[in-house]
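The structure appears right after this line, and notes come after that.
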Amino acid sequence: MIFLIVKNGFGHSHPPYTPRSTLRSTSVEAEEVFAEFSSTVMENDVINEANEEEEKWWTELTYKNIDENRLPLRLTKNAKLDEYIEKSEIADAGKFWNFDSGNVTVIELPNPDHEVAHTQFTRQFLSPFSNLAILDDVDNIAGTTCISGTSAKQPDAAFVPIRLPKPSPNPFANTQSLTSIFQKVNEFWLQQNRAEDVIVLKLWPWDGTRSPNGIPLRRLTCYEFCRRLSRHLRSGYRPIQCIEFGTIDSRQRSINNCSAQGMCTLEISPACIYAGCPGTPPYPLTNNVSIDLYNIQQAIFRKM
1 MIFLIVKNGF GHSHPPYTPR STLRSTSVEA EEVFAEFSST VMENDVINEA NEEEEKWWTE
61 LTYKNIDENR LPLRLTKNAK LDEYIEKSEI ADAGKFWNFD SGNVTVIELP NPDHEVAHTQ
121 FTRQFLSPFS NLAILDDVDN IAGTTCISGT SAKQPDAAFV PIRLPKPSPN PFANTQSLTS
181 IFQKVNEFWL QQNRAEDVIV LKLWPWDGTR SPNGIPLRRL TCYEFCRRLS RHLRSGYRPI
241 QCIEFGTIDS RQRSINNCSA QGMCTLEISP ACIYAGCPGT PPYPLTNNVS IDLYNIQQAI
301 FRKM
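Anchor point for the sequence shown: position 49 equals 49 in our numbering, and the numbering is continuous, going up by one each time.
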């Protein structure tokens, strides 16, 4: 899942890059995280071609059972943009498909644990705005398609400040593979005049194992990119922070740094949310929007 903090206004001064230092028990250093992203991209840069049965999701607009190991899966190579928009709306598949230069590719499959993670994030994001004046609130726009040139991408939801003169989705949410995430962060979302920050919730595959207490042993990771703070090399933007909020880490070792509320939180500043809005600062929202990753973890585990 990807949540983007999109900025509608530039020219502000920004501090230089300073890597965040966090406890090793709750975070992974940026260099280590980047190495993980890079190796994933190199190992998985293969798009499978849909067979006759899989193509029916595009031709007949009804979802067929598809093996997750087949992703990313190209449904067609010759689609028109208008055709993609129409079919993705009818099939309610925009958040599972990507459109790039005529290619329609499946990047994720309908999955209940992804849906509850998105719902829990949305609920926590909107909660701090409940007591603000109407003009200081944010609108929740679902199913908005972002079109840029020959590409079209649809989020699960978009949150837009009401006072923003020309609304720009803020943030987006989307579910996809880690390879697709890394490519979109670097090639689409962090390009000029798009996203300011990118927050990625990665729900890693689960092999069905549980602890003696019945708790799922699954890796869940929150990555954060920032256009101002992330180093950009030829290989792409580097994540500035990584929070493991599951019950195992990248080496399949048990961890307990997200075993209660308040242990793993993601803070989103009002300056990022209201970027580009007239009359700010001061900001209508004085405190950070705090996302408790434990609540998202528990929502996912309830669906497993």
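We put the beta carbon where it would ideally sit given N, CA and C, even for glycine.
Check, Outcome
"Does DSSP classify residue 202 as helix, strand or coil?", "strand"
"Can you say whether residue 251 is buried or exposed, counting buried as having 16 or more other CB atoms within 10 angstroms of its CB?", "exposed"
"Which residue's Cα is closest to the Cα of residue 71: 106, 77, 52?", "106"
"Using beta-carbon positions only, say whether residue 217 and residue 209 come within less than 8 Å of one another.", "yes"
"At what residues does the beta strand (DSSP E) containing residue 100 begin and finish?", "97-100"
"Between which two residues does the beta strand (DSSP E) harbouring residue 225 extend?", "220-226"
"Just checking my contact of residue 264 with residue 293 at CB under 8 Å: how many whole Å lie between their CB atoms?", "4 Å"
"Would you mind sorting residue 60 into buried or exposed? The rule is 16 or more other CB atoms within 10 Å of its CB.", "exposed"
"Identify which residue in 80, 99, 115 has its Cα closest to the Cα of residue 297.", "115"
"How far does the beta strand (DSSP E) with residue 292 in it reach, from first residue to last?", "289-292"
"To the nearest whole angstrom, what separates the beta carbons of residue 124 and residue 295, a pair I think is in contact under 8 Å?", "7 Å"
"Assuming residue 277 is part of the alpha helix (DSSP H), what are its boundary residues?", "No alpha helix (DSSP H) contains residue 277, which DSSP labels as neither H nor E."
"Residue 197 by DSSP, collapsed to three states: which one?", "strand"
"According to DSSP, simplified to helix, strand and coil, what is residue 191?", "coil"
"By Cβ distance below 7 Å, which residues in the same chain neighbour residue 290 in space, the five residues on each side in sequence not counted?", "265, 267"
"Using DSSP bridges, identify the partner residues of residue 140.", "159"
"Give the single residue among 262, 281, 46 whose Cα lies nearest to the Cα of residue 269.", "281"
"Express the C-alpha separation of residue 122 and residue 162 in angstroms, rounding to a whole number.", "17 Å"
"Indicate whether residue 50 and residue 73 have their beta-carbon atoms separated by less than 8 Å.", "yes"
"By DSSP, does residue 272 sit in helix, in strand, or in coil?", "helix"
"Going by DSSP, which residues form a beta bridge with residue 253?", "Its beta-bridge partners do not exist; DSSP assigns none."
"So within the stretch 42-123, which uninterrupted alpha helix (DSSP H) runs reach at least 4 residues, ignoring any that extend past its ends?", "56-59, 81-91"
"In this structure, does DSSP put residue 266 in helix, strand or coil?", "strand"
"Could you pull the start and end residues of the beta strand (DSSP E) that residue 242 belongs to?", "241-244"
"Indicate whether residue 64 and residue 58 have their beta-carbon atoms separated by less than 8 Å.", "no"
"What does DSSP give as the partner residue(s) for residue 210 in the beta ladder?", "216"
"Less than 8 Å between the C-beta atoms of residue 66 and residue 54, yes or no?", "yes"
"Could you pull out every residue in the same chain whose Cβ sits closer than 6 Å to the Cβ of residue 261, ignoring the five residues on either side in sequence?", "292, 294"
"Is it true that the CB of residue 99 sits closer than 8 Å to the CB of residue 84?", "yes"
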